[in-house]
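According to the working numbering, the sequence shown is numbered sequentially starting from 107. Cβ coordinates follow ideal geometry from the N, Cα and C atoms, glycine included. A short write-up of the structure that comes next.
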Amino acid sequence: MKVTKYEHACLVVEENGERLVIDPGMLAKLPELENVVAVVVTHVHPDHLHLPNLQALVGASPGLTIFGSDEVIAELGELDVKKVSVENDMMTVGRFRLEFFGHDHAVIYQQVPCQNRGVLVNETLYYPGDSFTLPEKPVQDLAFPAAGPWCKVSEVADFITAVKPQRAFPTHDATLSEFGASVNYRYIQQAIEAGGGEFVQLKPGESLADA
107 MKVTKYEHAC LVVEENGERL VIDPGMLAKL PELENVVAVV VTHVHPDHLH LPNLQALVGA
167 SPGLTIFGSD EVIAELGELD VKKVSVENDM MTVGRFRLEF FGHDHAVIYQ QVPCQNRGVL
227 VNETLYYPGD SFTLPEKPVQ DLAFPAAGPW CKVSEVADFI TAVKPQRAFP THDATLSEFG
287 ASVNYRYIQQ AIEAGGGEFV QLKPGESLAD A
């Protein structure tokens, strides 16, 4: 399984020629992708759900399925594609086994509640969306949120310590300057390595091999 990071919070997972796209938000500059069997949208915020990106994916792979919360499905409107609402469910689509965790987005500031679904892919890669929801089982690779108005470094480190992945790489990083990332990642890397894991930093378009 190959995992490629794109801008901010978007991931593309490949397994034997099939693709899964996670959170193709408005900042994601995706190439033309074929053989996409599924898209997971963790929640409705535009840095995770961007209709033009979804329309392009559906146009290239009209048979794909979009998985998300009730709020996500409602936001898709008339988009002509199979839609499946999930909450703590387990689904199989193509070569991907998807297990969903959690209910709510982490609190920003007196916000209206927002649904959020973390996803575990093929019992290997875990991505919590905008939350610190735990996967409740061992994880090889963790795509962790690095920054945002709802998280701080100590919370990220505590989350990683609880998950204890073999490898971990940052996502949700668009709000970080180069200097800010270097400061945050120094502490986060310590938490990863204290648990026996490896810190990996991916630029947009770079991949985690053998996931």
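query, result
"Tell me whether F285 is buried or exposed, calling it buried when 16 or more other Cβ atoms sit within 10 Å of its Cβ.", "exposed"
"In chain order, which continuous runs of the beta strand (DSSP E) of length 3 or greater are located wholly inside the stretch 157–188?", "171–174"
"Please classify Q296 as buried or exposed, where buried requires at least 16 neighbouring CB atoms within 10 angstroms.", "exposed"
"CA-CA distance, L133 and L126?", "18 Å"
"Which residue wins for smallest C-alpha separation from A166, given the options A144, V150, G183 and D176?", "A144"
"Tell me the rounded alpha-carbon separation between F207 and E120.", "21 Å"
"Would the beta-carbon of A263 be found less than 6 Å away from any heavy atom of the ligand SAH?", "For the ligand SAH, the structure offers nothing, since it holds no ligand at all."
"Which residue comes first and which comes last in the beta strand (DSSP E) that contains E113?", "Segment: none, E113 is in no beta strand (DSSP E) and carries neither H nor E."
"Helix, strand or coil: how does DSSP classify E261 here?", "helix"
"Which of the three DSSP states, helix, strand or coil, is assigned to F327?", "In the structure as shown, the chain starts at 107 and stops at 317, and residue 327 therefore has no counterpart that could be examined."
"Cα-Cα, which of G303, L308, T267 and Q221 is closest to V278?", "It is His, not Val, that sits at residue 278 in the sequence shown. It is L308 whose Cα lies nearest to the Cα of H278."
"Taking C-beta to C-beta, are V245 and P271 nearer than 7 Å?", "yes"
"With distances taken from CA atoms, which of A115, F202 and Q161 is nearest L185?", "Q161"
"Near T281, what residues of its chain come up, given a Cβ to Cβ distance below 7 Å and the 5 sequence neighbours on each side ignored?", "A253 and G254"
"Roughly how many angstroms separate the alpha carbons of H154 and T148, rounded to a whole number?", "7 Å"
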